[in-house]
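Student: Under my numbering, the very last position in the sequence shown is 1235; numbers go up by exactly one each time. Backbone N, C-alpha and C define an ideal beta-carbon position, used for all residues, glycine too. Treat the numbers as computed from the prediction; the structure is a model and nothing was measured. Below you'll find the structure I mean.
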Amino acid sequence: MVMVSAGIGALAHGIVPAETITPTLDAAGTRTAIPLAPVVEESAPVRVTVVYKLRPGGHASLRTHQRDLARARRRLGARSWTAEVGTDRVIEQFDYRDVSEYRRYLSTRLTDPEKYLLDNIWVAACAERPRSRISNR
């Protein structure tokens, strides 16, 4: 039942399946959704910033998932996690020891439950796909 609801919600928001989805790869061939170019120092701590532009009613939905999101980020290797809630957006920030730790999160640690959580937040709370960036701390 939940999967059907999520599928209908995705279609309602214009999210349709594609025949093939090409992954975004960095120079080393690691799958990544966030560009790594702005990172100046590979061995220095990095901060990931995700901006969620909320649709009307999105605050309540995001608030419902906020604790699970914090736990998931920490379980996946983030050393700290914060979320600043504004009127029409939420800015989430979490830190990793270095770029290689972040790459491990993207390539091997992200499991189906975390993907499902992130998809639920996107479909239920966001007006558009969340924007992410990575930078040195």
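Between the Cα of residue 1188 and the Cα atoms of 1221, 1141, 1156, which residue gives the shortest distance?
Tutor: Start at 1 with the first residue of the sequence shown, and residue 1188 comes out as number 90. Considering only alpha carbons, the answer is 1156.
Student: Give the straight-line distance between the Cα atoms of residue 1234 and residue 1216, rounded to the nearest whole angstrom.
Tutor: For the purposes of this step, residue 1234 is identified with residue 136 of the sequence shown, where counting begins at 1. For the purposes of this step, residue 1216 is identified with residue 118 of the sequence shown, where counting begins at 1. For residue 1234 and residue 1216, the distance between alpha carbons rounds to 24 Å.
Student: If I measure Cβ to Cβ from residue 1140 and keep anything under 6 Å in the same chain, skipping five residues before and after, which residues do I get?
Tutor: Stepping through the sequence shown from its first residue, residue 1140 is reached at position 42. The residues are 1197.
Student: Closest to residue 1208 by C-alpha separation, out of 1179, 1185, 1167, would be which residue?
Tutor: Stepping through the sequence shown from its first residue, residue 1208 is reached at position 110. Cα-wise, what sits closest to residue 1208 is 1167.
Student: What first and last residue would you give for the beta strand (DSSP E) that runs through residue 1180?
Tutor: Start at 1 with the first residue of the sequence shown, and residue 1180 comes out as number 82. Start and end: 1178-1183.
Student: Smallest Cα separation from residue 1186: which of 1192, 1194, 1224?
Tutor: Taking the first residue of the sequence shown as position 1, residue 1186 is located at position 88. Of 1192, 1194, 1224, the residue nearest in Cα terms is 1224.
Student: Taking the alpha helix (DSSP H) that residue 1141 belongs to, which residues open and close that run?
Tutor: For the purposes of this step, residue 1141 is taken as residue 43 along the sequence shown, with counting starting at 1. Careful: residue 1141 lies outside any alpha helix (DSSP H) and carries neither H nor E.
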